[in-house]
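To keep things clear, I will list the structure first and then write my remarks on it.
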Amino acid sequence: MGAAEVYGTHPDEIAALLNAVGASAMVLSFPEDRAFASLSVGRFKAWRSTRLDWSGAEVIQRSESFDADGLRRLMTSCGEADELAVVFWSNLAVPSVALAAALVADHAEAVLDCTPECWIYLTDSDVLIEFQDGEGFTAARVPHGPGR
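Quick note: the sequence shown, position 141, residue 156 per this note's numbering, numbers continuous.
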C-alpha cells in the first residue's frame, strides 16, 4: 500500500483538535500535504527515521520543554499570529492540518495530545518547529532549495 493510499485514513487521531478549532482548520489532502512538506520537512535530511537532522540548519531556538507552554512560547517568538501554520504528524495515516499560528498556540495542548511527535511549518516566517515528546522542541529556518 502506497503513501497516498494510507494518507489521512485516521482522522480520529486529530478529532479533539478539529473540534477545538472548528472550521478554522483545514484538513489537507495528500497532494496539499506533499506540497507543503516539500517546502518544509522535505528540505531536511532524516535522522533516526522520524527526526530531522538539524546540522547545517539555522537553528533559532531549542527548548527542552515538551509541553504546551513551550509550544506556545515558540509559536509567538517564531511567527506571526495570523500566518498559516501547517501541522504534520509522524504518521501519514493522520492527515495534516493548516490553521492560523495563533490557533496552534491557543490549542497547544490539543496539538500535542494528537501524537508524541509533530512538525509545524510557519509558512510566512519559513520556520519549521519539530516536537519530540521527551526531547523538547527545535525551531529552525527552512533551508532554501532549488526554486526558493
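Ideal Cβ placement from N, Cα and C applies to all residues, glycine included.
I need the straight-line Cα distance from V119 to S39, nearest angstrom please.
11 Å
The stretch 149–157 touching the stretch 65–78, judged by at least three CB pairs closer than 8 Å:
yes
Measuring CB to CB, does A83 end up less than 8 Å from A123?
yes
To test your reading of the DSSP string, which unbroken beta strand (DSSP E) runs of 3 or more residues are found completely within the stretch 112–139?
112–115 and 132–137
Counted within 10 angstroms of its Cβ, other Cβ atoms place E20 as buried (16 or more) or exposed:
exposed
List the residues that DSSP assigns as beta-bridge partners of D148.
Answer is none; D148 lacks a bridge partner.
Between which two residues does the alpha helix (DSSP H) holding D68 run?
From DSSP, D68 is part of no alpha helix (DSSP H) but of the beta strand (DSSP E) over R66 to D68.
Alpha-carbon spacing of Y22 relative to R49, whole angstroms:
10 Å
Between C93 and the rest of its own chain, which residues show a CB-CB distance below 8 Å, the 5 nearest in sequence each way excluded?
I75, Q76, L137, S140, V142, I144 and A154
Can you tell me which of the three DSSP states L99 falls into?
strand
What did DSSP end up calling S55 once you bin it into helix, strand or coil?
coil
Just the C-alpha distance for L54 and V157, rounded to the nearest angstrom, thanks.
8 Å
Taking all protein chains shown into account, do 16 or more other C-beta atoms lie within 10 angstroms of the C-beta of P110, making it buried, or fewer, making it exposed?
buried
Which residues in the same chain have their Cβ closer than 7 Å to the Cβ of R87, if we skip the five residues on either side of it in sequence?
A120 and A123
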